[in-house]
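One structure below.
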Amino acid sequence: MGEEADFDKKKGHAHRHSGRKAEKKAAKDKHVQELTAQQRNPKAFAFHSAVKAQRKFVRSQDIKSKKHHIPLVDRTPLEPPPVIVAVVGGPKVGKSTLLRCLIKNFTNQRFSNINGPVTIVAGKKRRLTFIEVNNDINCMIDIAKVADVILMLIDATFGIEMEVFEFLEICRAHGTPRIMGILNHLDMLKDNKALKKKKKALKHRFQVELYPGAKLFYLSGLIRDEYLKNEMKNLGRFISVLKFRPLIWRTSHPFVLVDRYEDITNPETVRINPKCDRDVVLYGYVRGIPFQKSQMVHIPGCGDCKIKDLSYLPDPCPLPEQLKKRSLNAKERLTYAPMSGVGGVVYDKDAVYIDLGNFHHGNKARNKSEDSEEEEDNVLQPLLDLQKTTDEKQAQSKIQLFPQSQLISNDDLEDDNENEDKDGVITKSGNGLPPYETVTDNTGRVRRRAIFSDNL
Numbered sequence: 001m002g003e004e005a006d007f008d009k010k011k012g013h014a015h016r017h018s019g020r021k022a023e024k025k026a027a028k029d030k031h032v033q034e035l036t037a038q039q040r041n042p043k044a045f046a047f048h049s050a051v052k053a054q055r056k057f058v059r060s061q062d063i064k065s066k067k068h069h070i071p072l073v074d075r076t077p078l079e080p081p082p083v084i085v086a087v088v089g090g091p092k093v094g095k096s097t098l099l100r101c102l103i104k105n106f107t108n109q110r111f112s113n114i115n116g117p118v119t120i121v122a123g124k125k126r127r128l129t130f131i132e133v134n135n136d137i138n139c140m141i142d143i144a145k146v147a148d149v150i151l152m153l154i155d156a157t158f159g160i161e162m163e164v165f166e167f168l169e170i171c172r173a174h175g176t177p178r179i180m181g182i183l184n185h186l187d188m189l190k191d192n193k194a195l196k197k198k199k200k201a202l203k204h205r206f207q208v209e210l211y212p213g214a215k216l217f218y219l220s221g222l223i224r225d226e227y228l229k230n231e232m233k234n235l236g237r238f239i240s241v242l243k244f245r246p247l248i249w250r251t252s253h254p255f256v257l258v259d260r261y262e263d264i265t266n267p268e269t270v271r272i273n274p275k276c277d278r279d280v281v282l283y284g285y286v287r288g289i290p291f292q293k294s295q296m297v298h299i300p301g302c303g304d305c306k307i308k309d310l311s312y313l314p315d316p317c318p319l320p321e322q323l324k325k326r327s328l329n330a331k332e333r334l335t336y337a338p339m340s341g342v343g344g345v346v347y348d349k350d351a352v353y354i355d356l357g358n359f360h361h362g363n364k365a366r367n368k369s370e371d372s373e374e375e376e377d378n379v380l381q382p383l384l385d386l387q388k389t390t391d392e393k394q395a396q397s398k399i400q401l402f403p404q405s406q407l408i409s410n411d412d413l414e415d416d417n418e419n420e421d422k423d424g425v426i427t428k429s430g431n432g433l434p435p436y437e438t439v440t441d442n443t444g445r446v447r448r449r450a451i452f453s454d455n456l
């Protein structure tokens with residue numbers, strides 16, 4: 001009987017695990033524990049106060065209304081010019097290091113020295129022109145008129161310097177571009193609690209000066225004189241996808257950021273009259289609206305000039321032709337930096353120099369065979385061995401006014417003006433700028449720290 005009972009087993013029912021019927025049944029018999037509290041009992045989460053519901057509705061509408069803006073006509077051409085990215089900050093806060101690391105992030109090239117604008121291909125539809133801004137009021141005014149993105153570098157250990165506020169006031173007068181703050185030297189703050197407090201305070205002050213929600217990036221520190229690779233990658237990705245709101249003045253006026261210039265004046269004319277009018281050729285991308293051939297242009301520091309000739313040249317840093325690819329290869333990541341000596345060619349105002357590496361034309365060891373050449377070398381070799389220019393030597397030279405007096409250098413000469421800033425004295429600023437304190441460190445470096453009511 002036992003064996004017959006084993007053979008008499010019925011086949012069990014197989015539940016359907018897939019198909020339309022299984023999906024309908026699963027949706028119908030949903031387990032109660034998988035639901036949220038609001039889904040299980042929606043009446044418990046209904047509003048009980050009309051005032052609270054009104055405040056919630058008003059707040060949601062305020063958030064939506066912040067996204068509303070007046071539509072403007074986008075006059076950007078199909079192949080737009082490079083986006084101008086300017087690096088602004090106080091003296092010796094790391095502007096050159098940040099510029100070199102950003103260029104290396106896009107092109108995998110190391111720049112020893114950067115002079116003038118550097119144009120690179122950042123993506124399939126975007127090119128970037130990086131330029132460093134000096135702490136000169138004239139340079140700040142010129143860059144504020146043409147820059148699309150401003151990278152504001154702030155030293156976290158010192159605080160916000162007065163150069164930052166001065167540049168922000170200049171931008172408000174000429175049209176504020178996209179501004180991003182960058183905090184560096186965070187590795188100098190060893191205490192995590194103090195670091196967190198400093199970040200919060202500087203971020204609050206930066207958003208008060210610009211607008212709520214302004215972007216602020218953090219740079220941890222340096223490794224082998226370079227910022228961290230991941231931080232540069234995130235910053236570069238953010239710049240690559242950034243959107244800009246067109247400014248009316250820039251879309252209605254033509255302007256050029258000159259990346260190279262040449263003096264084509266006749267040398268004989270310059271020899272006869274060194275102060276004669278010069279003929280200069282300026283190269284750069286035209287932004288805004290097209291130029292007219294007989295149009296007057298304004299050159300900062302020179303005045304109004306008339307265009308003698310206007311010609312179109314091939315693009316030295318073109319965009320890739322194929323847009324179907326997911327990423328760019330090494331050949332398409334071009335770099336155009338004529339003033340920085342990229343590729344061994346350096347442009348000067350008088351000529352073009354080619355870097356020959358370790359080859360020197362005036363080597364003394366090559367000219368010891370003949371006595372006449374040795375005599376010429378004795379005269380020319382000191383000139384060829386000069387390591388500093390005449391201006392640098394003159395700046396480092398010292399004079400003695402009296403026989404028993406000390407030597408006086410150019411750095412020792414101080415202005416005796418009554419309004420001179422003294423170390424540790426709080427000075428009031430005009431034009432809506434905050435008061436500042438002048439601080440001198442052990443190396444003699446003078447910096448101006450902005451003073452706020454919250455003691456930033």
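Numbering (the UniProt record's numbering), first residue to last: 1 to 456.
Virtual Cβ for every residue (Gly too), placed ideally from N, Cα, C.
1. Among Ala53, Pro435, Gly284, which residue has its Cα nearest to the Cα of Tyr261?
2. Can you tell me whether DSSP reads Cys305 as helix, strand or coil?
3. Does the distance from the C-beta atom of Pro177 to that of Leu128 stay below 8 Å?
4. Taking the C-alpha atoms as reference points, what is the distance between Ile70 and Ala173?
5. For Gly444 and Gly90, I'd like the C-alpha separation in whole angstroms.
6. So the alpha helix (DSSP H) Ala26 belongs to, where does it begin and stop?
7. For the region 99-147, which segments carrying the beta strand (DSSP E) assignment without a break, of at least 3 residues, lie completely within its bounds, in sequence order?
8. Alpha carbon to alpha carbon, what distance is there between Lys104 and Cys302?
9. In angstroms, rounded to a whole number, what distance separates the CA positions of Glu132 and Lys145?
10. Are there 16 or more other CB atoms within 10 angstroms of the CB of Ser340, so buried, or fewer, so exposed?
11. Helix, strand or coil for Ser220? Go by DSSP, reduced to three states.
12. Comparing alpha-carbon positions, which option in Thr335, Pro434, Pro435 lies nearest residue 462?
13. Kindly indicate which three-state DSSP category Thr269 falls into: helix, strand or coil?
14. Please state whether DSSP places Ala14 in a helix, a strand or coil.
15. Run through DSSP, which three-state label would Arg333 get?
16. Do you know how far the Cα of Ala27 is from the Cα of Arg20?
17. Run through DSSP, which three-state label would Thr438 get?
18. Only counting the same chain, and skipping five residues up and downstream in sequence, which positions put a Cβ closer than 8 Å to that of Asp142?
19. Count the C-beta pairs between the region 248-256 and the region 203-217 that are closer than 8 Å, then say yes if the count reaches three, no if not.
20. When burial is assigned at 16 or more other CB atoms within 10 Å of the CB, is Phe206 buried or exposed?
21. Within 10 angstroms of its Cβ, does Lys43 collect 16 or more other Cβ (buried), or is it exposed?
22. Between Val51, Lys52, Ala37, which has its C-alpha nearest Phe45's C-alpha?
23. Which partner residues does Phe244 have in the DSSP bridge list?
24. Would you mind working out which of Lys64, Gln109, Lys67, Glu166 sits nearest Arg449, comparing C-alpha positions?
25. Taking the C-alpha atoms as reference points, what is the distance between Asp315 and Thr119?
26. So, for Gly116: in the same chain, excluding its five sequence neighbours on each side, which residues have a beta-carbon less than 8 Å away from its beta-carbon?
27. What three-state label does DSSP hand Phe165 in the structure shown?
28. To the nearest angstrom, how far is it from the Cα of Val256 to the Cα of Val286?
29. Please report the distance separating the alpha-carbon of Thr76 from that of His68.
30. Sort Lys10, Met232, Glu79 by Cα distance to Thr97 and report the nearest one.
31. Rounded to a whole number of angstroms, what is the C-alpha to C-alpha distance between Asp304 and Asp136?
32. Leu219 and Leu186 - do their beta-carbons sit closer together than 8 Å?
According to the data block:
1. Gly284
2. strand
3. no
4. 21 Å
5. 16 Å
6. In this chain, the alpha helix (DSSP H) harbouring Ala26 covers 20-28.
7. 118-121, 127-132
8. 35 Å
9. 15 Å
10. buried
11. coil
12. Given a span of 1 to 456 for the chain in the structure shown, any question on residue 462 remains unanswerable.
13. Thr269: helix per DSSP, three-state reduction.
14. The three-state reading of DSSP puts Ala14 in coil, since its state is none of H, G, I, E or B.
15. coil
16. 11 Å
17. The answer is strand: DSSP assigns Thr438 an E or B state.
18. Pro300
19. no
20. buried
21. exposed
22. Measuring C-alpha to C-alpha distances from Phe45 to each of Val51, Lys52, Ala37 identifies Ala37 as the nearest.
23. Note: Phe244 sits in no beta bridge, so no partner.
24. Glu166
25. 11 Å
26. Contacts found: Ile131, Asp259, Arg260, Ala337, Pro338, Met339, Ser340.
27. helix
28. 5 Å
29. Distance between the alpha carbons of Thr76 and His68: 22 Å.
30. Considering only alpha carbons, the answer is Met232.
31. 22 Å
32. yes
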